Each structure stands twice: as C-alpha cells, then as structure tokens.
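Take a look at the structure set out below.
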Amino acid sequence: MDAVDRKILRILQQDASLTVAEIGRAVGLSTTPCWKRIQKLEASGVIRKRVAILAPDKVGFGVTAQVSVQAGDHGRETVEAFIVAVQAMPEVLEFQRVAGDVDFCLRVVTVDIPHFEDFYRRLTSLMPLRRVSSYFELQQLKSETALPLALAPGARLQAPIADPAPGG
Numbered sequence: 011m012d013a014v015d016r017k018i019l020r021i022l023q024q025d026a027s028l029t030v031a032e033i034g035r036a037v038g039l040s041t042t043p044c045w046k047r048i049q050k051l052e053a054s055g056v057i058r059k060r061v062a063i064l065a066p067d068k069v070g071f072g073v074t075a076q077v078s079v080q081a082g083d084h085g086r087e088t089v090e091a092f093i094v095a096v097q098a099m100p101e102v103l104e105f106q107r108v109a110g111d112v113d114f115c116l117r118v119v120t121v122d123i124p125h126f127e128d129f130y131r132r133l134t135s136l137m138p139l140r141r142v143s144s145y146f147e148l149q150q151l152k153s154e155t156a157l158p159l160a161l162a163p164g165a166r167l168q169a170p171i172a173d174p175a176p177g178g
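Each residue of the sequence shown is one higher than the one before, starting from 11 at the first, in this note's numbering.
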C-alpha cells in the first residue's frame, strides 16, 4: 500500500458516496487507475464494505448499551455455541472476545428498556455466565468509524485532504 492508496482510503472513510472520478481528482489519478486501486483494496480485504452510518435515535433505537460478559463455562463447545448465538442476535452491533476481567464485550441497540430486558434474558440463557454488566449510554461523546491512517505503520503524518466534491 502506497501513499496514493492511503489518500484514497482517507477519502473513502470520509465519504464513500463520492464518484471514482472525484476521488481520482483528489489524489491526482484519472478514473481508470483510481478505480483499479479501489478494486484492489476491496479484493484484498482492506476495504470491507461501503455503508451508510445511521443515527440510532433517528430510526427509533433509544437505548445503546455496552455489555461485558464473564463466562461461567469456558469449555470450547460451549463458548463456540455462545459466539454463534450472539453473532446471530440483531441487536448486537459489535462483539469482541477480550482479555482481562471479562471474556466478551458487546455494543447493543434496542428500542427501549423493555426490549433490552428481553435481549438480556436471551443473552443470559445462552450459557452459564459468571457476570454480566450493562452500561447504558447517556450521551455519545465521540463516534468515529474512520481509522487514523496517518498513525498507521509506514505512514507519514499528513494534512487533511481538501473536499474533493465540486464546489466544496
């Protein structure tokens, strides 16, 4: 990955709806070479997907919670079944296996507290759990999906890219 690829990625992280021509202009490439680079970044798994990021409260999700889980049974089959079941729960936006005092961390959205209680009952019925702690979001202070590419190994710190959209 070279500096041009990093510029393309920085632009796509800011606005994935830009056309390939707009991205190309911003990085100094014509459309076809820019498109080929984007295709290569997608094929190699650097770009996992392009999505719209929604505001949960604007579409009816009033509760966001961080949930930490300490397993009561660390048997391989039990843990694997738990992982598969949690991955299938639509309320779970993020799910990580972690090291430390707990085994798993989840980020969950629900419509309201009664729906969270339903989710909680389903979660705690999946396997024996030693401890489950839920932390309800009162105020979102930062939410970022863009990786800080300027801090990545091999990258030099770069100034923000100017808006590539016409008139911007």
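No residue lacks a Cβ here, since even glycine has one placed at the ideal position from N, Cα and C. Since the structure is predicted, the reported quantities are computational estimates derived from the model, not experimental observations.
Buried is the label assigned to T74, since at least 16 other Cβ atoms lie within 10 Å of its Cβ. Counting only residues of its own chain and dropping the five nearest sequence neighbours on each side, T155 has a CB closer than 8 Å to the CB of Q23, I63.
Taking I123 as the centre and dropping the five residues before and after it, the same chain places the C-beta of V73 closer than 7 Å to its C-beta, in chain order.
According to the DSSP assignment, L133 belongs to the alpha helix (DSSP H) that extends over 123–134. Pairing F105 with L116 gives a Cβ-Cβ distance under 7 Å.
Here the alpha carbons of V79 and R140 stand approximately 8 Å from one another. Annotation for V79: the continuous beta strand (DSSP E) segment containing it runs 73–81.
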